[in-house]
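Residue numbering for the first sequence follows my numbering, starting at 239 and increasing by one per position. Virtual Cβ for every residue (Gly too), placed ideally from N, Cα, C. Quick caveat: nothing in here was measured; it's all calculated off a predicted structure. Below is one structure; the comments refer to it alone.
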Amino acid sequence: MSQYQAVKGTKDIFPEEVAQWKYVEGIVHTLASLYGFSEIRTPVFEYTELFQRGIGLTTDIVGKEMFSFQPDTKGRSVTLRPEMTAGVMRAALQYNLFSLAPVHKLYYIGELFRKERPQAGRQRQFSQFGAELLGVSSPAAVAEVITLMMQVFESLGLKELKLRINTLGDTEDRVRYREALQSYFVPFYEILDEASRERLEKNPLRILDSKNPVLQELVAGAPRLYDYLNDSSLRDFEKVLFYLAERNIAYDIDHRLVRGLDYYSHTAFEVTSSVLGAQDAIGGGGRYDGLARELGSSSDVPASGFAVGMERLLITMEKQGLLTTINPLRPLVYVVVQQQELVDHALTIAWRLRKAGIRTEIDLVARSMKSQMREANRIRASYALFIGKTEYTTGSYALKNLLTSEQTTLSLEDVLQVLHQPATKERINL
RNA sequence: GUGAUUGUAGCUCAGUUGGUUAGAGCGCCAGGUUGUGGCCCUGGAGGCCGGGGGUUCGAGUCCCCUCAUUCACCCCA
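As structure tokens, this is what we get:
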């Protein structure tokens, strides 16, 4: 075991896996732009207050999961971003995007950091892609982001995902519901676990989220937010459901879906994967009309968005056998040197092939010809090009098709021509 | 932060009630063809058995501590 290993909760992504990441990212870029979203890249760290304000002081993320530090001895505390939305909203407000146009549609792919104990599907550094639809307050907007998210899943071929959806109502609804919940739970104070007792004061909605089996019965009997919604909140939610039905997006209404971030209002949703284990949320999001005000905006900037965990997405794809067909690019031709004194000539040939746009590999550690051929086979090159005395003097090179074992002697120009034929470009995997 | 789990070769793992120079498969390197891969055969390199301390004549095996891993809780992607 080497002395140094990657920091707890982080991992290295090696070339084979990078090919898978690029594939998924490609789909995200394509579909996001199909839906009219443009990419934004914000800094990986922000002033700590941004997250405290934006995500909420009562959340676990802000309470105990942030990587915070001070870049300068007397400087302000900064924090590695634990989520994306606050940073995107900050950027939009800072540059006053809404003076240019009332609506902005932004998407992102980026790394996030949360100081949690790692486990299956959870790391301290992880990646999300997501989209934010800023400046519209409507069921159509939420439906828009949900639809985009679901189309990404569909395009990737994911199966057995479950979309759960709920409404949290507007601020007034929640104030009334909050009171109702508190008066329901207070008589059972003795039964509640420590975490729930704390939430009773700060954020009673979160008690509904508890997985504590002891509380299940109690939670099941709690009043439903749904019964406290005013007419316009109800109509809003029903409209969202209508859009989903219209687009053949299956969903389950889950009245207990609350989600951990304080800024949600009205629609909240979450997608889970049945193959993931304990951390089964693959994506989620909702509407957060109050966030901009929370960040000091003088005008309302209603918004909707979603975020999807890249690692969990890839784990799900892996388990569903959706990654086996994605392979990194293999070299097309392997230049084999037959006498060591011809190495320099071979390097020149390799360079010429590469200049001509042909993926070329060549041995750099003076290995035997047998080894070079084994290497060519190992990395699945399609062709071997032999550089020997005969070739050097005649200018004709032996080109061997490694799949069919056919070998022909050609001038370098003819070699280039053969290698440029599209039909010969990819070797079929054996 | 809490609980449990596992640390032996690059990888996956053996290693008997503590007993000589710690093994296998795969991978890697070389050779079997002095100019030709895959399959096969032969050989080789590579381990302070996670680290520290203790018990013992003797520890990979037992005890303690520590570090790390994994899974779960909490919560989330």
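Which one or two residues does DSSP pair with residue i in a beta bridge?
| i | result |
| --- | --- |
| Gln357 | Arg360 |
| Gln645 | Lys638 |
| Ile347 | Phe367 |
| Ile625 | Val575 |
| Glu455 | Glu455 pairs with nothing; no bridge assigned. |
| Gly595 | None, per the DSSP bridge assignment. |
| Ile600 | Val573 |
| Ala541 | Leu372 |
| Asp490 | Arg402 |
| His342 | Leu372 |
For residue i, which option in the options has the closest C-alpha, if you only look at C-alpha atoms?
| i | options | result |
| --- | --- | --- |
| Leu567 | Glu255, Arg473, Arg352 | Glu255 |
| Gln290 | Ile265, Gly274, Thr280, Ala324 | Ala324 |
| Ser649 | Ala433, Leu657, Lys440 | Leu657 |
| Lys302 | Thr286, Gly313, Gln308 | Thr286 |
| Tyr526 | Ala506, Leu514, Gln610 | Ala506 |
| Val539 | Ala257, Gln258, Val326, Ile600 | Val326 |
| Phe283 | Gln517, Phe351, Leu640 | Phe351 |
| Val496 | Glu508, Arg362, Gln576 | Glu508 |
| Gly373 | His342, Thr248, Lys397, Arg414 | His342 |
| Leu446 | Thr598, Tyr415, Asp474, Thr385 | Tyr415 |
| Glu528 | Pro356, Ser375, Pro309, Glu321 | In the sequence as presented, Glu is not what sits at residue 528; that position holds Gly. Checking every option, the nearest Cα to that of Gly528 belongs to Ser375. |
| Asn565 | Lys260, Gln241, Gly247, Thr248 | Lys260 |
| Ala329 | Leu288, Gly348, Ile251, Arg360 | Leu288 |
| Gly522 | Arg531, Ala530, Ala545, Tyr501 | Ala545 |
| Phe367 | Gln659, Pro356, Thr280, Tyr464 | Thr280 |
| Lys353 | Glu321, Ala381, Ile384 | Glu321 |
Do you know offhand how far residue i's Cα is from residue j's?
| i | j | result |
| --- | --- | --- |
| Ala483 | Tyr489 | 8 Å |
| Thr554 | Arg616 | 29 Å |
| Ile666 | Glu651 | With a pLDDT of only 43 at Ile666, under the threshold of 50, the placement of this residue in the model should not be trusted, and no figure is reported. |
| Leu585 | Val245 | 40 Å |
| Val262 | Leu394 | 7 Å |
| Leu654 | Ala594 | 8 Å |
| Leu623 | Ala257 | 27 Å |
| Lys400 | Thr510 | 5 Å |
| Glu613 | His493 | 59 Å |
| Gln243 | His267 | 33 Å |
| Asp681 | Gly626 | In the structure displayed, the chain extends from 239 to 668; residue 681 sits before or after that span and is not available. |
| Phe364 | Ser470 | 38 Å |
| Asp310 | Asn404 | 44 Å |
| Glu645 | Gly559 | Residue identity check: residue 645 is Gln in the sequence provided, not Glu. Going by the C-alpha atoms only, they are around 37 Å apart. |
| Leu739 | Leu396 | In this structure the chain extends from 239 to 668, so residue 739 is not present and cannot be described. |
| Gly294 | Leu443 | 14 Å |
| Glu664 | Val571 | Confidence at Glu664 is low in this model, with a pLDDT of 49, below 50, so its placement is unreliable and no value can be given for it. |
| Leu551 | Thr628 | 54 Å |
Helix, strand or coil, according to DSSP, for residue i in the structure here?
| i | result |
| --- | --- |
| Ile293 | helix |
| Lys557 | helix |
| Asn404 | strand |
| Tyr427 | coil |
| Gly547 | strand |
| Val656 | helix |
| Phe307 | strand |
| Phe275 | coil |
| Ala519 | strand |
| Phe336 | helix |
| Gly524 | strand |
| Asp250 | coil |
| Lys663 | In this prediction, Lys663 scores a pLDDT of 48, lower than 50, which makes its location untrustworthy; no coordinate-derived value is stated. |
| Leu514 | coil |
| Gly264 | helix |
| Thr586 | helix |
| Ala257 | helix |
| Thr631 | helix |
From which residue to which residue does the beta strand (DSSP E) around residue i run?
| i | result |
| --- | --- |
| Gly325 | Element bounds for Gly325: not the beta strand (DSSP E) but the alpha helix (DSSP H), 323-332. |
| Thr562 | Premise fails: Thr562 is in no beta strand (DSSP E) and is neither H nor E. |
| Arg497 | Premise fails: Arg497 is in no beta strand (DSSP E) and is neither H nor E. |
| Glu398 | Premise fails: Glu398 is in no beta strand (DSSP E) and is neither H nor E. |
| Ser503 | 503-511 |
| Arg352 | Unbroken run through Arg352: none, as it is neither H nor E. |
| Thr317 | 316-318 |
| Tyr285 | 283-285 |
From what residue to what residue does the alpha helix (DSSP H) around residue i run?
| i | result |
| --- | --- |
| Thr409 | 409-423 |
| Phe480 | 469-484 |
| Leu529 | 529-532 |
| Phe391 | 377-394 |
| Ile299 | 298-302 |
| Gln462 | According to the sequence provided, residue 462 is Arg. The question's Gln does not apply to it. Where Arg462 is concerned, there is no enclosing alpha helix (DSSP H), given that its DSSP letter is neither H nor E. |
| Gln610 | 607-616 |
| Ser434 | 432-440 |
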